[in-house]
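K.L.:
Residue numbers (our numbering), protein chains in the order written: chain A, 1 to 87; chain B, 1001 to 1483; chain C, 2001 to 2230.
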Amino acid sequence: MYGLGGILLFLLGVWSFLVHDGLLRKLIAINVTGAGVFHVFIAVAYRGLDAAPDPVPHALVLTGIVVAVSATALALTLGQRLERPDD
Amino acid sequence: MIDWLVLAIAVPLLGSVVAAALPGRASAIGLATAVLTTGSALAASLVVAEGGSLRSDLGGWGAPLGIALAADGLSAALLVMSNLVALGISVYALDYFSGGVRRHFWPLWLLLWTSLNGVFLAADLFNVYVTLELLGISAAALGALSGRPDAVAANLRYLLVGLLGSMTYLLGVALLYTELGTLDIGLAAEALVPGPLAHTAFALMLGGLLLKAALFPLHFWLPPAHSQAPAAVSAALSALVVKAAVYLVLRLWMDLFGPVAGPGAGAMLGVLGAAAVVWGSWRAFRAERLKLLAAYSTVAQVGYLFLFFPLLAIAPPPEREALLGALVLLALTHGFAKAGLFLAAGLLQKRVGHDRIDELGPAIQSLPVVGLTLGLAGVALIGLPPSGTFIAKWILLAESIGAGQWWWAPVVLIGTLLASAYVYRLLANAFGPAAQAEPAAEGALAPIGRLAQAPALLMTLVAVVVLGLGGEPLWGLLEGVGP
Amino acid sequence: MGVRHSLIIGLLALIGATLAWVYWDALIGHAGTRLAGLALERVPESGVSNPVTAVLLNFRAYDTLLELAVLLAAILGIWSSGPEARGFLPAGPVLGALTSWVVPLLILAAGYLLWVGGHAPGGAFQAGALLGAAGVVLRLSGEPSAGLPPLPWLRVGIGLGVLIFTLTGLALMALGQGFLTYPAASAKWLILMIETAATLSIGATLAAAYLAGEPVPARSTTQQPGGTRP
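1. Counting contacts by CB-CB distance shorter than 9 Å, is C:Arg2155 in contact with chain A?
2. At a Cβ cut of 8 Å, what residues of the region 1115–1141 of chain B count as close to chain A, listed as they run along the chain?
3. Please name the residue in B:Gly1378, B:Phe1308, B:Val1018 and B:Trp1475 whose C-alpha comes closest to that of B:Ile1501.
4. Is the separation between the beta-carbon of B:Ala1261 and that of B:Leu1209 shorter than 9 Å?
5. Pick helix, strand or coil for B:Ala957, following the three-state DSSP scheme.
6. Give a yes or no on whether the minimum CB-CB distance between A:Leu11 and chain C is below 9 Å.
7. In chain C, what lies closer than 9 Å to B:Leu1175 by C-beta?
8. Please name the residue in B:Leu1417, B:Gly1195, B:Ala1337 and B:Val1465 whose C-alpha comes closest to that of C:Thr2018.
9. Considering just the uninterrupted stretch of the beta strand (DSSP E) at B:Ile1067, what are its terminal residues?
10. Whose C-alpha, out of B:Ser1281, B:Gly1340, B:Gly1346 and B:Leu1087, is nearest the C-alpha of B:Ser1420?
11. Run the CB neighbour count on B:Leu1381, radius 10 Å, all protein chains shown included, and call it buried at 16 or more, exposed below.
12. Any chance the region 1038–1049 of chain B sits against the region 1078–1089 of chain B, with 3 or more Cβ pairs inside 8 Å?
13. Using Cβ-Cβ distances below 8 Å, what residues of the region 1186–1197 of chain B are close to chain C?
14. Per DSSP, which one or two residues make a beta bridge with B:Ala1122?
15. So for B:Leu1209, helix, strand or coil by DSSP?
16. If we ignore side chains and look at the alpha-carbon of each, how far apart do B:Gly1353 and B:Ser1297 end up?
17. Considering only C-alpha positions, which residue in the set B:His1334, B:Gly1449 and B:Leu1397 is nearest to B:Phe1097?
18. Within the continuous beta strand (DSSP E) that includes B:Leu1058, where are the two ends?
19. If you count every other CB in all the chains shown that lies within 10 Å of the CB of B:Leu1413, and 16 or more means buried, which is it?
20. State the Cα-Cα distance for the pair B:Ala1295 and B:Ser1227, rounded to the nearest angstrom.
21. What's the call for C:Leu2005, buried or exposed, on a 16-neighbour Cβ count within 10 Å?
22. Report buried or exposed for B:Trp1406, applying the criterion of at least 16 other Cβ atoms within 10 angstroms of its Cβ.
23. Less than 9 Å between CB atoms is the rule here; does A:Val19 satisfy it with respect to chain B?
24. Residue ranges of each alpha helix (DSSP H) run of no fewer than 4 residues wholly in the region 1322–1402 of chain B, ordered along the chain?
25. By the criterion of Cβ-Cβ separation under 8 Å, what are the contact partners of B:Leu1111 in chain C?
26. Contact criterion: CB-CB distance below 9 Å. Does C:Phe2165 meet it with respect to chain A?
27. Measuring only between beta-carbons, confirm whether A:Arg47 sits less than 9 Å from chain C.
28. Quick one, which residues of the region 2100–2126 of chain C are near chain A if we go by CB-CB under 7 Å, in chain order?
29. If you draw a straight line from the C-alpha of C:Ser2080 to the C-alpha of B:Ser1166, how long is it?
30. Relative to the C-alpha of B:Gly1273, which candidate in B:Tyr1304, B:Ala1236 and B:Leu1457 has its C-alpha closest?
31. Pick out whichever of B:Ala1313, B:Ala1463, B:Ala1032 and B:Leu1293 has its Cα sitting closest to the Cα of B:Gly1258.
32. Quick check on this structure: which residue in C:Thr2181, C:Ile2164 and C:Phe2165 has the alpha carbon closest to the alpha carbon of C:Leu2172?
33. Terminal residues of the continuous alpha helix (DSSP H) containing B:Phe1306?
34. Give the single residue among B:Gly1051, B:Leu1343, B:Ser1045 and B:Gly1468 whose Cα lies nearest to the Cα of B:Leu1121.
35. According to DSSP, is C:Leu2149 part of a helix, a strand, or is it coil?
36. Do B:Ala1070 and B:Ser1056 come within 9 Å of each other at the CB atom, strictly closer than that value?
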């Protein structure tokens, strides 16, 4: 269920990215897309109530989040330059 | 024990950190790192050429638990081209960037180089994602280096589109991990069974990578981003960064999705490639600025690379080897030629302050070496003999007719004619009567050092002469690549 | 526009249905296999007992190294885009007092998470995020430097994680172990050292990213920060 929710999030993000103009909206859309993919990974890690979860997808998601944060920070800064180019 | 695969990645990474910490010495540190990195990459490729493929298990765990680096003939060929071009760009950058920009350029440039080598040596699907993000972020940051609003806007769009591509790719990886339980490319290939999941993952990963490879109609972000970046960066973006995505498509096509990637997928890529050839060449012909011409020409050249896929999908082994060699030869030739063209364009832009093709004549007249570079790049882009492009296109034509798919031949011919037209238009402006009539006033021209002119000329010479007349060993190097 | 939107929605719904079906099929068919067993089995050899840390810092340490490089690329890109944005007005007494409580707590919590990461959920990234948050709080409350060191040191700080990580890997390679192959006896301490450096780098990078540009050196304290940013 969690994974299917992730797929839904991914699609919502893609939809939003394609339909909306404006940097901030596109950037949020990308992050929603990413969140969807990370949910899919987390769902894969679940192995039933009595077994320890798979640590590999958890680690991948942590890596993915940091990468996404880095890209978002750069995109926000570049976007800000466009709004106040003479600063 | 010296592990050249590791050094080709660790050296530029260290160099970047040191250059970032010591901005005053960024150029010296950068150039030293560039030489050492190129040395490591060439050494790794030499070992592959002599002894076959290389593999190194990082952390000593081995797949599937750990991550490995791997190099075969295909990696080696692209590694050699990329590192030589990157070294040339580094030498060019010494003169090209002024003091203030230098300290920003070098650390980012070395990170981009790290990720390029990382892509060519990656053997793990998730690691590919991380290296691609490093590539995308450093490339966009470098492209926006001038700070001009149009450059920032174009590269911001490039960054966002790249992110969407990465996420799509990553969802494909997630699906594969769910089914196969491994991220190592080799092990995943062994476990893969053709079915709905394999097809879906293939479509997602391919789609994400095609967005980054700028295959028509996903090329819309490329011309503004590549033409607005500083010339040294444009050269890297067009010659190398796009190639990294094409390389990954080829790698996954051959090594992972072999059973899934059938004639249907090949035909689709071929059709898109054909559209890219015609559309990119046409827009290059219509371009008013030299760097925009070069950028659209990249769209077209990427198209040629994808024309090989429908044939690769159906060819029996001996033809496959010929085709693969031609595909790689075309990618290498374009890498050298396009980097040379962008660097030359940057010199002209510096000389007269613009790159409007119709008014470049006097500038080219005043820099004969740059004029020669443009001519050689033109030879390689059209595909005149003896350039590597000529041989590659020849094989493409022969194989497509041999395979009964004659319809690719007119595409190649139209593309070649259009390329002749845009190269002619450029050179006619440079050497035609109009340029002779009005020699530029000396005072209006900015001085250009000799060192800055050398890399571009050498690169185009490699594209036309070395790869054209001495491309033969490439087929030996590529022997045994693929299933 | 209406036609285009419904076309996109229809297409995405189709893709979504395929994805959901394929994914469900794979999940049901292969519950529990994958790398979990192997990874959990070898955690004791990794030098830490928290499986996620074992994957991040040992089994797949190379990914983590490149991830730190991504952070470095982002902050260098932010710096190359221009000088920092203007800061905020100094905080009022209530926020000021709150800040002087929250920041030390955040730093303390970061240290705890870093240490606990070896055997329980936590680790360099969570700890670094808290350090970054401390910087953001400082900046918001009017401290222009966001608690960051002067620029020359900051330049070292953002690369420290990558530097220590890579040098450790290369040193192990020179000793014949192979890149990032920790000997079992020293794995715990090597990982802790790398994680400490990474935490500092991540914290410094996140706080510096919040300045949205290269810090302006020798900012005069008399200059009134114009806090008009929304």
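Note that CB positions come from ideal geometry on N, CA and C, so glycine has one too.
What you are looking at is a predicted structure, and each value in this text was computed from that prediction instead of being measured.
P.N.:
Let's see:
1. Counting from one through the third sequence, the residue named residue 2155 of chain C turns up at place 155. Not closer than 9 Å to any Cβ of chain A, the Cβ of C:Arg2155 fails to qualify, so no.
2. Sequence-ordered contacts of the region 1115–1141 of chain B with chain A read Phe1126, Tyr1129, Val1130, Glu1133, Gly1136, Ile1137, Ala1140 and Ala1141 [C-beta pairs closer than 8 Å].
3. As displayed, chain B neither begins before 1001 nor continues past 1483, which places residue 1501 of chain B out of reach and without an answer.
4. Here residue 1261 of chain B refers to the residue found at position 261 of the second sequence. Here residue 1209 of chain B refers to the residue found at position 209 of the second sequence. No, these two residues do not count as a Cβ contact at 9 Å.
5. The question about residue 957 of chain B has no answer, for chain B in this structure spans 1001 to 1483.
6. As a position in the first sequence, residue 11 of chain A is number 11, starting the count at 1. Cβ-Cβ to chain C under 9 Å: yes for A:Leu11.
7. As a first step, residue 1175 of chain B is located in the second sequence; it is residue number 175 there, counting from the start. In chain order: Leu2019, Val2022, Tyr2023 and Ala2026.
8. Your numbering for residue 2018 of chain C matches position 18 in the third sequence. Per the Cα distances, B:Gly1195.
9. For this step, residue 1067 of chain B is matched to residue 67 along the second sequence. Here the beta strand (DSSP E) through B:Ile1067 covers Ile1067 to Ala1071.
10. What you label residue 1420 of chain B is simply residue 420 of the second sequence in a count that begins at 1. Residue B:Ser1281 holds the alpha-carbon nearest to the alpha-carbon of B:Ser1420 among B:Ser1281, B:Gly1340, B:Gly1346 and B:Leu1087.
11. In the second sequence, counting from the first residue as 1, residue 1381 of chain B sits at position 381. Under this definition B:Leu1381 is a buried residue.
12. A contact exists between the region 1038–1049 of chain B and the region 1078–1089 of chain B.
13. Pro1196 and Leu1197
14. Reading the second sequence from its first residue, position 122 is the one you call residue 1122 of chain B. For B:Ala1122, DSSP records a beta bridge to B:Leu1069.
15. In the second sequence, the residue the question calls residue 1209 of chain B occupies position 209. Here B:Leu1209 sits in helix by DSSP.
16. As a working note, residue 1353 of chain B is residue 353 in the second sequence. As a working note, residue 1297 of chain B is residue 297 in the second sequence. About 22 Å.
17. The residue labelled residue 1097 of chain B in the question sits at position 97 within the second sequence. When only C-alpha atoms are compared, the closest one is B:Gly1449.
18. The sequence position of residue 1058 of chain B within the second sequence is 58, counting from 1. Run containing B:Leu1058: Leu1054 to Leu1058, per the beta strand (DSSP E) assignment.
19. Here residue 1413 of chain B refers to the residue found at position 413 when the second sequence is read from its first residue. Exposed, because fewer than 16 other Cβ atoms sit within 10 Å of the Cβ of B:Leu1413.
20. To locate residue 1295 of chain B, count along the second sequence from 1; it is residue 295. To locate residue 1227 of chain B, count along the second sequence from 1; it is residue 227. If you take the alpha carbons of B:Ala1295 and B:Ser1227, they lie about 6 Å apart.
21. By 1-based counting over the third sequence, the position of residue 2005 of chain C is 5. Looking at the sequence provided, one finds His at residue 2005 of chain C rather than Leu. The residue is exposed, with fewer than 16 neighbouring Cβ atoms inside 10 Å.
22. Along the second sequence, one-based indexing puts residue 1406 of chain B at 406. Exposed is the call here.
23. Here residue 19 of chain A refers to the residue found at position 19 of the first sequence. Taking Cβ atoms only, chain B never reaches closer than 9 Å to A:Val19, which makes this a no.
24. 1361–1366, 1368–1382 and 1388–1402
25. The residue given as residue 1111 of chain B occupies position 111 in the second sequence. Correct list: Ala2069, Leu2072, Ala2073 and Leu2076.
26. Position 165 of the third sequence holds residue 2165 of chain C. Closer than 9 Å: no.
27. Along the first sequence, one-based indexing puts residue 47 of chain A at 47. True, the Cβ-Cβ gap to chain C drops below 9 Å.
28. Phe2125
29. Here residue 2080 of chain C refers to the residue found at position 80 of the third sequence. Here residue 1166 of chain B refers to the residue found at position 166 of the second sequence. Taking the straight line from one Cα to the other gives about 24 Å.
30. As a position in the second sequence, residue 1273 of chain B is number 273, starting the count at 1. Comparing Cα positions, the closest option is B:Tyr1304.
31. Residue 1258 of chain B sits at position 258 when you count from the first residue of the second sequence. The residue with the shortest Cα to Cα distance from B:Gly1258 is B:Ala1313.
32. On the third sequence, residue 2172 of chain C is found 172 positions in, with the first residue counted as 1. Relative to the Cα of C:Leu2172, the nearest Cα in the group C:Thr2181, C:Ile2164 and C:Phe2165 belongs to C:Thr2181.
33. Locating residue 1306 of chain B in the second sequence gives position 306, where the first residue counts as 1. Here the alpha helix (DSSP H) through B:Phe1306 covers Leu1290 to Ile1314.
34. Here residue 1121 of chain B refers to the residue found at position 121 of the second sequence. Taking only the C-alpha atoms, the option nearest B:Leu1121 is B:Ser1045.
35. Translated into the one-based positions of the third sequence, residue 2149 of chain C becomes position 149. Position check: residue 2149 of chain C holds Pro in this sequence, whereas Leu was assumed. DSSP places C:Pro2149 in coil when its eight states are reduced to three.
36. Taking the first residue of the second sequence as position 1, residue 1056 of chain B is located at position 56. Taking the first residue of the second sequence as position 1, residue 1070 of chain B is located at position 70. Closer than 9 Å, so yes.
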